[in-house]
Ligand SMILES: [Zn+2]
Ligand SMILES: [Zn+2]
Ligand SMILES: [Zn+2]
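Printed below as a string of structure tokens:
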């Protein structure tokens, strides 16, 4: 599978509006972090989006390029076969209205926990009304539960429990090849056991100082070591993480900072 990292920033994004710090003023493209999300392309050609941020439209326009095949440019839009939602915070679902163009391909299947499905139905009531306004995004909510794996094409997705402070949210694991965890503060032992030995892990780390609902960069590195992960990248970073060029140097060799537009194959 190929993973395109669409965004690596915390809820405010980096630069943070109105901030004059060296990270927010940096010219390094790796210090420009849209809200956190990834796009997975599976070996059988399915596309799985994890979270749909307020930056979703720009992320597609910027990082997902039209493909050239047989000398002709393919139509630069394709279906999203699954949208996996980690939790209801605005920085993870705020771009769902921009799923509108996907209507061409039918409904986008949205996989989320039952209470998140209920919440989405309420917040985006106009998408689920009996009489739909023409052009509203077309979605189908599919409730999922922790440790009840489901399939998207050829790939098995296992939803894992992680804790975002007091809020239980989901991480997603794709066999032992890859897992994506965001907005985590702690994880239960059962999740740690599932994640042990994962080849590639994208995991959140906000900054260096503690935060009530997000783990620090050092805590993320600690988990990577404890879980025996081969390669890991840290996401959901704030401007307080420091300049990419400097702060990433301080990480162990098998851990890096993810950056917007990064592509990984596993
Ligand atoms: Zn977040
Ligand atoms: Zn700043
Ligand atoms: Zn959150």
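In my numbering, the protein residues as written are 13 to 278.
Every residue, glycine too, gets a C-beta built ideally from N, C-alpha and C.
Where does the unbroken beta strand (DSSP E) through residue i begin, and where does it stop?
i: residue 279; result: Residue 279 is absent from the structure shown; the chain starts at 13 and stops at 278.
i: residue 14; result: 14-19
i: residue 256; result: Unbroken run through residue 256 is the alpha helix (DSSP H), 256-259; no beta strand (DSSP E).
i: residue 174; result: 167-176
i: residue 94; result: 94-96
i: residue 155; result: 151-156
i: residue 243; result: 243-247
i: residue 275; result: 275-277
i: residue 59; result: 59-62
i: residue 267; result: 267-269
i: residue 192; result: 190-193
Could you check if residue i belongs to the surroundings of ligand 3, using beta carbon to heavy atom distance under 7 Å?
i: residue 220; result: no
Just to confirm, does residue i get its C-beta within under 7 Å of one of the non-hydrogen atoms of ligand 2?
i: residue 129; result: no
i: residue 39; result: no
i: residue 35; result: yes
i: residue 251; result: yes
i: residue 185; result: no
i: residue 27; result: yes
i: residue 64; result: no
What is the rounded straight-line gap between the Cα of residue i and the Cα of residue j?
i: residue 243; j: residue 140; result: 41 Å
i: residue 118; j: residue 39; result: 40 Å
i: residue 175; j: residue 69; result: 28 Å
i: residue 110; j: residue 126; result: 22 Å
i: residue 205; j: residue 96; result: 22 Å
i: residue 61; j: residue 165; result: 14 Å
i: residue 227; j: residue 219; result: 8 Å
i: residue 136; j: residue 44; result: 29 Å
i: residue 161; j: residue 31; result: 42 Å
i: residue 59; j: residue 53; result: 5 Å
i: residue 64; j: residue 73; result: 14 Å
i: residue 33; j: residue 231; result: 24 Å
Name the two residues that bound the continuous alpha helix (DSSP H) containing residue i.
i: residue 105; result: 102-105
i: residue 234; result: 229-239
i: residue 207; result: 201-207
i: residue 133; result: 126-135
Assign residue i to buried or exposed, taking buried as 16 or more other Cβ atoms, counted over all protein chains shown, within 10 Å of its Cβ.
i: residue 29; result: exposed
i: residue 197; result: buried
i: residue 132; result: buried
i: residue 22; result: buried
If distances are taken between C-alpha atoms only, which option among the options comes closest to residue i?
i: residue 99; options: 251, 220, 156; result: 156
i: residue 67; options: 219, 106, 206, 169; result: 106
i: residue 240; options: 208, 266, 230, 226; result: 208
i: residue 172; options: 136, 193, 143; result: 193
i: residue 259; options: 35, 211, 146; result: 35
i: residue 271; options: 46, 212, 185; result: 46
i: residue 223; options: 181, 188, 253; result: 253
i: residue 211; options: 191, 159, 184; result: 191
What I want to know is whether the C-beta of residue i ends up closer than 7 Å to one or more non-hydrogen atoms of ligand 1.
i: residue 20; result: no
i: residue 49; result: no
Counting only beta-carbon separations shorter than 8 Å, does residue i have a partner in chain C?
i: residue 196; result: Chain labels in this structure do not include chain C; a single protein chain is all it has.
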